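End of the sequence shown sits at 298 in full-length UniProt numbering; the numbers just go up one at a time, nothing left out.
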Amino acid sequence: MPPYVSHFTSFDGTDLAYSVREARDGSTVPPLVCLAGGPGRDAAYLGDLGGLDAHRTLIVPDSRGTGASPTAADPGAYAFPSLAQDLEALRAHLDVPRFALLAHDAACATAQAYAASHGEHLSHLVLVTPGSRLQGELPDDAEQIFESRATEPWWKDAYVAVHMLGSATDMAEVRSLLLRAAPLAYGRWDTPQRTHAATEGDQLNPVPRAGFWQGVDEPARLALLAALREVECPTLVVTGDRDGVTGMRAGEAVAESIPNAALRPLHGVGHYPWVDEPEMFRPVVEQFLAGAGLDEPR
Numbered sequence: 001m002p003p004y005v006s007h008f009t010s011f012d013g014t015d016l017a018y019s020v021r022e023a024r025d026g027s028t029v030p031p032l033v034c035l036a037g038g039p040g041r042d043a044a045y046l047g048d049l050g051g052l053d054a055h056r057t058l059i060v061p062d063s064r065g066t067g068a069s070p071t072a073a074d075p076g077a078y079a080f081p082s083l084a085q086d087l088e089a090l091r092a093h094l095d096v097p098r099f100a101l102l103a104h105d106a107a108c109a110t111a112q113a114y115a116a117s118h119g120e121h122l123s124h125l126v127l128v129t130p131g132s133r134l135q136g137e138l139p140d141d142a143e144q145i146f147e148s149r150a151t152e153p154w155w156k157d158a159y160v161a162v163h164m165l166g167s168a169t170d171m172a173e174v175r176s177l178l179l180r181a182a183p184l185a186y187g188r189w190d191t192p193q194r195t196h197a198a199t200e201g202d203q204l205n206p207v208p209r210a211g212f213w214q215g216v217d218e219p220a221r222l223a224l225l226a227a228l229r230e231v232e233c234p235t236l237v238v239t240g241d242r243d244g245v246t247g248m249r250a251g252e253a254v255a256e257s258i259p260n261a262a263l264r265p266l267h268g269v270g271h272y273p274w275v276d277e278p279e280m281f282r283p284v285v286e287q288f289l290a291g292a293g294l295d296e297p298r
């Protein structure tokens, strides 16, 4: 069954959109809410997350200025703490007292902000290939992972594109460069990866992207980290050993900042594990949500 779009009213009266992928087996367990990263990228790139809709309904919100949700009149509404308030409004709209939350990439910051302020509503938290900017760390292992693949046929062109992106201003040029640099984000560069990467250019939303990290000063960051240390829900942090975007050490830093977090590195996958190895990614998440044993909490 294809996903359908619905709407909810957020804390400030804004009408925001979310898509629903009904569980294919008809399961009525609480939904898995899934946050897209980018930041500011249309959530369509998540797809069905490697088939996670098999046994659980997926609720995928379009954050402000992305997908079917309107742009924000106040640029501060794009900042991740504000997006966490939107998530709480969505939970109230869905009328679920507790739910499982999955976030990818930059949206892991939104998810952590939500856990820090509304952790009592979370049954499980899954953070997929997160960065560690919120933790105040910028590890360099993503660059090392990228450079370790220099013998692959796409590498030289991707290298050039990566170094041109910093000075590119025209959106058509940015889209072209992102596609040339895309192989660094995947475990391999085959048809599924090429097809997934080709969607990125049309899913970019520069203004929400620029506003995502705004308005969060150092005292606010430290207060959020302190609140994270009180989060009680089980947390799974997934990293990929071929992730040339955020690397693996960032995920380690995130796991270390949350008390009940288990770290699960995946072999042969990049920044999008459900694209590279869906048959590896999906069972790990399903087992975690079902309460099956994984790694011991860090």
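Cβ coordinates follow ideal geometry from the N, Cα and C atoms, glycine included.
Owing to the predicted nature of the structure, the values given are computational and were not obtained by experimental measurement.
> In terms of residue numbering, what span does the beta strand (DSSP E) encompassing T151 cover?
Replying inline: Note, T151: premise wrong, no beta strand (DSSP E); not H, not E.
>> Using a 10 Å radius around the Cβ and a threshold of 16 neighbouring Cβ atoms, would you call D276 buried or exposed?
In response: The residue in question, D276, is buried, as its Cβ has 16 or more Cβ neighbours within 10 Å.
> Which residues share a DSSP beta bridge with G240?
Replying inline: Looking at the DSSP assignment, G240 forms a beta bridge with L266.
> Between which two residues does the beta strand (DSSP E) harbouring H124 extend?
Replying inline: For H124, the enclosing beta strand (DSSP E) stretches over residues 122-128.
> By how many angstroms is the C-alpha of E286 removed from the C-alpha of G50?
Replying inline: C-alpha separation (whole angstroms): 11 Å.
> Hey, quick one: how far does the alpha helix (DSSP H) through R24 stretch, first residue to last?
Replying inline: Bounds of any alpha helix (DSSP H) do not take in R24, whose DSSP letter is neither H nor E.
> How long is the line joining the alpha carbons of A182 and P219, rounded to whole angstroms?
Replying inline: In this structure, the straight-line span from the alpha carbon of A182 to that of P219 is close to 35 Å.
> Where does the unbroken beta strand (DSSP E) through P192 begin, and where does it stop?
Replying inline: First-last for P192: 191-197, but that is the alpha helix (DSSP H), not the beta strand (DSSP E).
>> Just to confirm my understanding: we take V231, look at its own chain, exclude 5 residues before and 5 after, and list those with CB closer than 7 Å. What are they?
In response: Result list for V231: A115, A116, G119, I258, P259, in chain order.
> Which term fits E143, buried or exposed, when burial requires 16 or more other beta carbons within 10 angstroms of its beta carbon?
Replying inline: With fewer than 16 other Cβ atoms from the protein chains shown falling within 10 Å of its own Cβ, E143 counts as exposed.
> Which residues share a DSSP beta bridge with I59?
Replying inline: Per DSSP, V20, V33.
> Are three or more beta carbon pairs between the stretch 221-235 and the stretch 133-143 nearer than 8 Å?
Replying inline: Yes, since at least three Cβ pairs between the stretch 221-235 and the stretch 133-143 fall closer than 8 Å, the two stretches touch.
> Would a C-beta distance cut-off of 7 Å place R21 and L46 closer than the cut-off?
Replying inline: Not in contact: R21 and L46 (Cβ atoms no closer than 7 Å).
> By Cβ distance below 8 Å, which residues in the same chain neighbour D241 in space, the five residues on each side in sequence not counted?
Replying inline: Once the five neighbours on either side are set aside, the close Cβ partners of D241 are I145, M248, P265, L266, H267, G268, V269.
> For T199, which residues of its own chain have a beta-carbon under 8 Å away from its beta-carbon, when the five flanking residues on both sides are left out?
Replying inline: Cβ neighbours of T199 beyond the five flanking positions: A44, Y45.
> Going by other Cβ atoms of all chains shown within 10 Å of its Cβ, with 16 needed for buried, is G38 buried or exposed?
Replying inline: By the beta-carbon neighbour count (other beta carbons within 10 angstroms, threshold 16), G38 is buried.
> Is S167 buried or exposed, if buried means 16 or more other CB atoms sit within 10 Å of its CB?
Replying inline: By the Cβ neighbour-count rule, S167 is exposed, with fewer than 16 other Cβ atoms within 10 Å of its own.
>> Is it buried or exposed, A250, if we count other Cβ atoms within 10 angstroms and call 16 or more buried?
In response: Buried.
>> Closer than 8 Å is the cut-off here; do at least three beta carbon pairs connect the stretch 150-160 with the stretch 174-190?
In response: Enough Cβ pairs lie closer than 8 Å, so yes.
> Could you give the distance in angstroms between the alpha-carbon of F11 and the alpha-carbon of D86?
Replying inline: One C-alpha to the other measures close to 7 Å.
> Taking all protein chains shown into account, do 16 or more other C-beta atoms lie within 10 angstroms of the C-beta of R98, making it buried, or fewer, making it exposed?
Replying inline: Exposed, since its Cβ has fewer than 16 Cβ neighbours within 10 Å.
>> Please state the DSSP three-state secondary structure of V245.
In response: Residue state, collapsed to three classes: coil.
> DSSP state of L165, grouped into three classes?
Replying inline: It is helical.
> Who are the Cβ neighbours of P3 in its own chain at under 7 Å, not counting the five residues just before and after it?
Replying inline: These residues qualify, in order along the chain: S19, V20, R21.
>> Among the candidates P206, H55, L90, whose CA atom is the shortest distance from the CA of T169?
In response: When only C-alpha atoms are compared, the closest one is P206.
> Thinking C-alpha only, which one of A111, R64, G65, L184 is nearest P130?
Replying inline: Closest option to P130, Cα to Cα, is A111.
> What separation, rounded to the nearest whole angstrom, lies between the Cα atoms of D202 and V174?
Replying inline: Put simply, the backbone Cα of D202 is about 11 Å away from that of V174.
> Where does the unbroken beta strand (DSSP E) through H104 begin, and where does it stop?
Replying inline: According to the DSSP assignment, H104 belongs to the beta strand (DSSP E) that extends over 99-104.
> Taking just the CA atoms, how far does R64 sit from L125?
Replying inline: Distance between L125 and R64, taken at the CA atoms: about 22 Å.
> Can you tell which of V128, A77, H55, D48 has its C-alpha closest to the C-alpha of L16?
Replying inline: Nearest to L16 by alpha-carbon distance, out of V128, A77, H55, D48, is A77.
> Are the CB atoms of A113 and L35 nearer to each other than 7 Å?
Replying inline: The Cβ atoms of A113 and L35 do not sit closer than 7 Å to each other.
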